[in-house]
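First to last, the sequence lines map onto chains A and B. Numbering (the working numbering) for the first sequence: 4 to 198. Numbering (the working numbering) for the second sequence: 281 to 752. We put the CB at the ideal spot given by N, CA and C, even for glycine. Nothing here was measured: the structure is a model prediction, and the numbers come from that model. Notes for the one structure printed next.
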Amino acid sequence: MMFEPFQRLTSRTIVLSQENIDTDQIIPARFLTTTSKEGLGQSVFFDWRYNTEGRLRNDSPLDGFAPSEFEILVAGPNFGCGSSREHAPWALSDFGFRAVVSSDIADIFKSNALKNGLLPVEVDKKTHQQLMKTPGAEVTIDLESQTVRIGHDWQTVFEVEAFARRCLLDGVDPLGHLIKQLPTIEAYERRRDEL
Amino acid sequence: MNNRQSLFDKLWEQHIVVPETPESPAVLYIDLHLVHEVTSPQAFTVLAERGVKVRRPDLTIATLDHSTPTLPANENGELPYATPAAKEQVETLIENCAHHNIRLLGLGDPDRGIVHVIGPELGLTQPGKTVVCGDSHTSTHGAFGALAFGIGTTEVGHVLASQCVLQRKPKSMRIVCDGELQPGVAAKDLALAIIAEIGADGGQGFAIEFAGETVRTLSMEGRMTLCNMSIEAGARFGMVAPDETTFEWVAGREYAPKGEALEKAINDWKVLASDEDADFDKEIKIDASAIAPMVTFGVSPDAAAPVDSEMPAAQSNVEQHAAEYMKFDPQQPFSANAVDRVFIGSCTNSRLSDLRSAAAIMRGRKVKDGVVALVVPGSESIKREAEAENLHTVFIEAGAEWREPGCSMCIAMNGDQGLPGELVVSTSNRNFIGRQGKGVRTVLASPATAAASAIEGRIADPRKYLEAGNDV
Ligand code: SF4
Numbered sequence: 004m005m006f007e008p009f010q011r012l013t014s015r016t017i018v019l020s021q022e023n024i025d026t027d028q029i030i031p032a033r034f035l036t037t038t039s040k041e042g043l044g045q046s047v048f049f050d051w052r053y054n055t056e057g058r059l060r061n062d063s064p065l066d067g068f069a070p071s072e073f074e075i076l077v078a079g080p081n082f083g084c085g086s087s088r089e090h091a092p093w094a095l096s097d098f099g100f101r102a103v104v105s106s107d108i109a110d111i112f113k114s115n116a117l118k119n120g121l122l123p124v125e126v127d128k129k130t131h132q133q134l135m136k137t138p139g140a141e142v143t144i145d146l147e148s149q150t151v152r153i154g155h156d157w158q159t160v161f162e163v164e165a166f167a168r169r170c171l172l173d174g175v176d177p178l179g180h181l182i183k184q185l186p187t188i189e190a191y192e193r194r195r196d197e198l
Numbered sequence: 281m282n283n284r285q286s287l288f289d290k291l292w293e294q295h296i297v298v299p300e301t302p303e304s305p306a307v308l309y310i311d312l313h314l315v316h317e318v319t320s321p322q323a324f325t326v327l328a329e330r331g332v333k334v335r336r337p338d339l340t341i342a343t344l345d346h347s348t349p350t351l352p353a354n355e356n357g358e359l360p361y362a363t364p365a366a367k368e369q370v371e372t373l374i375e376n377c378a379h380h381n382i383r384l385l386g387l388g389d390p391d392r393g394i395v396h397v398i399g400p401e402l403g404l405t406q407p408g409k410t411v412v413c414g415d416s417h418t419s420t421h422g423a424f425g426a427l428a429f430g431i432g433t434t435e436v437g438h439v440l441a442s443q444c445v446l447q448r449k450p451k452s453m454r455i456v457c458d459g460e461l462q463p464g465v466a467a468k469d470l471a472l473a474i475i476a477e478i479g480a481d482g483g484q485g486f487a488i489e490f491a492g493e494t495v496r497t498l499s500m501e502g503r504m505t506l507c508n509m510s511i512e513a514g515a516r517f518g519m520v521a522p523d524e525t526t527f528e529w530v531a532g533r534e535y536a537p538k539g540e541a542l543e544k545a546i547n548d549w550k551v552l553a554s555d556e557d558a559d560f561d562k563e564i565k566i567d568a569s570a571i572a573p574m575v576t577f578g579v580s581p582d583a584a585a586p587v588d589s590e591m592p593a594a595q596s597n598v599e600q601h602a603a604e605y606m607k608f609d610p611q612q613p614f615s616a617n618a619v620d621r622v623f624i625g626s627c628t629n630s631r632l633s634d635l636r637s638a639a640a641i642m643r644g645r646k647v648k649d650g651v652v653a654l655v656v657p658g659s660e661s662i663k664r665e666a667e668a669e670n671l672h673t674v675f676i677e678a679g680a681e682w683r684e685p686g687c688s689m690c691i692a693m694n695g696d697q698g699l700p701g702e703l704v705v706s707t708s709n710r711n712f713i714g715r716q717g718k719g720v721r722t723v724l725a726s727p728a729t730a731a732a733s734a735i736e737g738r739i740a741d742p743r744k745y746l747e748a749g750n751d752v
């Protein structure tokens, strides 16, 4: 998938403070019967946002604002646990998020998000608490320097896997990277066949 | 070569095409790629956009399981799909497989079934292999001493195009289980007890090896249940070193090596064990003899306790929310909660031994009035075997529904689901809010506990049926 290179993002936050927000919450399974990546944003956190008649309840922090001003989701610990569905980052991106910040983010979600231009940012507990307390805060995430800045006086660093970072910063395409390795892959196959 | 390698180290090393560096993950070779309808369409689209072919259709196999109805076709031969989108998803995989020459165990195929059930069943899953699937429960295949893990759709595309994935090596954890499981206690209970002990994120970033006497004495089905649930502790990999139990299971299956090739393979497989002084980043010990049949009481699989205990008081806001969602009163025994539905199935517990264990309890008894019980075999082959033993008659006579194979209520995307507020005792793997339908309250349990709960119409301890002379 093609997405904008990610260098630096300044935006306000939306906070979903629940712990263990799993992929079934992010995008309920009944919306997985799609064969494309588009339009999933409508169904993001569907069961949190809509009542049983399918009407928007408008009482979720996710509704009632201009998505373009709130591109950072701050979430409780163990965000994105559960299934490997890439529909979860697709839905969050399609909704308008470009980064998810938590104290810890589940492995498969993290890896899926990175492949779709949605930056998963794991911060220390103190920064996390600060972010959780201040929904709507203006936050700057800088991937080049791997820093998160809240307002003017709070700054911390975060880790991100080096290859994924390069892919995001420089627009390196992982599939292209693998295809370039085909001769080495073929050599590996031949070596194994001889065993 | 260093002789302090873990099983995981050995499997990993054997599949490195390009080693990991600080700048790049390893390029890891994949021996078996399993594909299903939900997580593959967008991957095939990317291939088409870039004009790339599936590189090794011979190492790729597809099945239909998630969106497929478990009710039979009507008189016109039409399957009762939940939505037109579900049907389209199935048709998309059929087209993609035809186009790329991938063997599809499609509708009507005698080998169709849940992706993690059929891999082992057909002998595709073997010790020493790397196995991936766009599905987090791929860890199931680790039961054979395979390096098996779930990937996302982008990576499904990578494997289709190159037969490799980009991966960094995770840390390693060994969970040593000793002691004999008590009568009425199943591998599912062991899995839930472990997750309760280490937490839903306790395995995050780790590859888990399950070891110890308890694991050695588990059947392959039991080992699969255990490895299946690794992901519920946050670990993408769960594995058990192969042994005679494994070799016996694999031998004779459709895709297993035959004759001399099998002997040679078994010799290779025998070295797939952790060296005696292998290093693990973390080690945990479990006394399996102390484990009781387990049930979950919250909305995360680590909220699990013995079935004969009572609802613990909430210790945090998260637990308080979970308790409110579950509507379980504090200090009340779990058995006080009335059950609306029971689901026996999923890649965790839909194998023949699971069905036998449920049937042992249901035999000659009736599902409580008002309770809907669904029994969904994991594959066409299991369905045939169960029917050959007349297990289906046991279920039907008890008042349960005997369905066509598939994921069914485990993920509730094919129309099989509970209604808002209903309490479902389920042998599947996730009790997340809404997983089995909007507002549904899920209790995870073993097949025996699920069957006992169906009979009593409330959460029930299967052990009392043991005393009545049943073998659970
Ligand atoms: S049975 Fe459930 S967990 Fe297993 S593959 Fe199907 S949906 Fe996933």
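- DSSP places A/ARG193 within a helical segment (H, G or I) once states are collapsed to three.
- The beta carbon of B/ILE394 sits closer than 6 Å to at least one heavy atom of ligand 1.
- From the beta-carbon of A/ALA102, no residue of chain B is found nearer than 8 Å; the closest lies around 18 Å away.
- In this structure, B/SER416 lies near A/SER87, with their beta-carbon atoms less than 7 Å apart.
- Chain B places a beta carbon closer than 7 Å to that of A/ASP50, counting this residue as a contact.
- Just so you know, the alpha carbons of B/ALA536 and B/LYS663 end up roughly 22 Å apart.
- Think of a sphere of 8 Å around the beta carbon of B/LYS718: the chain A residues whose beta carbon falls inside it are PRO31, ASP50 and THR55, in chain order.
- Following the DSSP letters along the chain, one finds B/GLU512 in no beta strand (DSSP E), marked with neither H nor E.
- Within the region 155 to 179 of chain A, complete alpha helix (DSSP H) segments of at least 4 residues are found at 165 to 173, given in chain order.
- Contiguous alpha helix (DSSP H) elements confined to the region 321 to 378 of chain B occur at 321 to 330, taking only those with 4 or more residues.
- Taken in chain order, the complete beta strand (DSSP E) segments of 3 residues or longer contained in the region 55 to 138 of chain A are 75 to 78, 102 to 105 and 122 to 125.
- Contact annotation for B/VAL575 against chain A: no contact, minimum CB-CB distance about 19 Å [criterion: below 7 Å].
- The Cβ atoms of B/GLU375 and B/LEU344 do not sit closer than 7 Å to each other.
- Against chain A, a Cβ distance below 7 Å from B/LEU339 picks out nothing, because the smallest value is about 10 Å.
- Sequence-ordered contacts of the region 74 to 96 of chain A with chain B read ASN81, CYS84, GLY85, SER86, SER87, ARG88 and GLU89 [C-beta pairs closer than 7 Å].
- The way I'd put it, the region 302 to 315 of chain B does touch the region 433 to 440 of chain B; three or more beta-carbon pairs between them come closer than 8 Å.
- In the three-state scheme derived from DSSP, where H, G and I count as helix and E and B as strand, B/MET500 is classed as helix.
- Residues of chain A whose Cβ lies closer than 9 Å to the Cβ of B/THR363 are, in chain order, ARG33 and THR36.
- In the DSSP assignment, B/LYS544 falls within the alpha helix (DSSP H) that extends over 539 to 550.
- Separation of A/SER105 and B/ARG645 (C-alpha to C-alpha, rounded to the nearest whole angstrom) is 50 Å.
- The beta carbon of B/ALA584 does not come within 7 Å of any beta carbon belonging to chain A, so the residue lies off that interface.
- With distances taken between CA atoms, B/SER630 lies nearest to B/PRO685 out of B/ALA583, B/PRO685, B/HIS672 and B/THR673.
- For B/PHE288, the enclosing alpha helix (DSSP H) has its first and last residue at 287 to 294.
- Taking a contact to require three or more Cβ pairs closer than 8 Å, the region 556 to 576 of chain B and the region 533 to 548 of chain B do not qualify as touching.
- Taking B/LEU402 as reference, the option from B/GLN697, B/LYS449, B/SER661 and B/LYS648 with the minimal CA-CA separation is B/SER661.
- Taking C-beta atoms as the reference points, A/SER20 and A/MET135 count as a pair closer than 7 Å.
- Burial is judged here by how many other beta carbons sit within 10 angstroms of a residue's own beta carbon; B/GLY518 has at least 16 and is buried.
- Within the same chain, ASN115 come within 6 Å of A/GLU89 by CB-CB distance, once the 5 residues on both sides are set aside.
- The beta carbon of B/TYR309 falls within 7 Å of a beta carbon belonging to chain A, placing the residue at that interface.
- Assignment of B/CYS627 by DSSP, reduced to helix, strand and coil, places it in the coil class.
- Not one heavy atom of ligand 1 lies closer than 6 Å to the C-beta of B/SER637.
- Within the DSSP bridge table, the entry for B/GLU489 names B/ARG454 and B/MET519 as partners.
- Taking 8 Å as the cut-off between beta carbons, the residues of the region 104 to 125 of chain A near chain B are ASP107, ALA109, ASP110, ILE111, SER114, ASN115, LYS118 and ASN119, in sequence order.
- Per DSSP, reduced to three states, the secondary structure at B/GLN600 is helical.
- For B/LYS565, DSSP records a beta bridge to B/VAL456.
- At a cut-off of 7 Å between beta carbons, B/GLN600 makes no contact with chain A.
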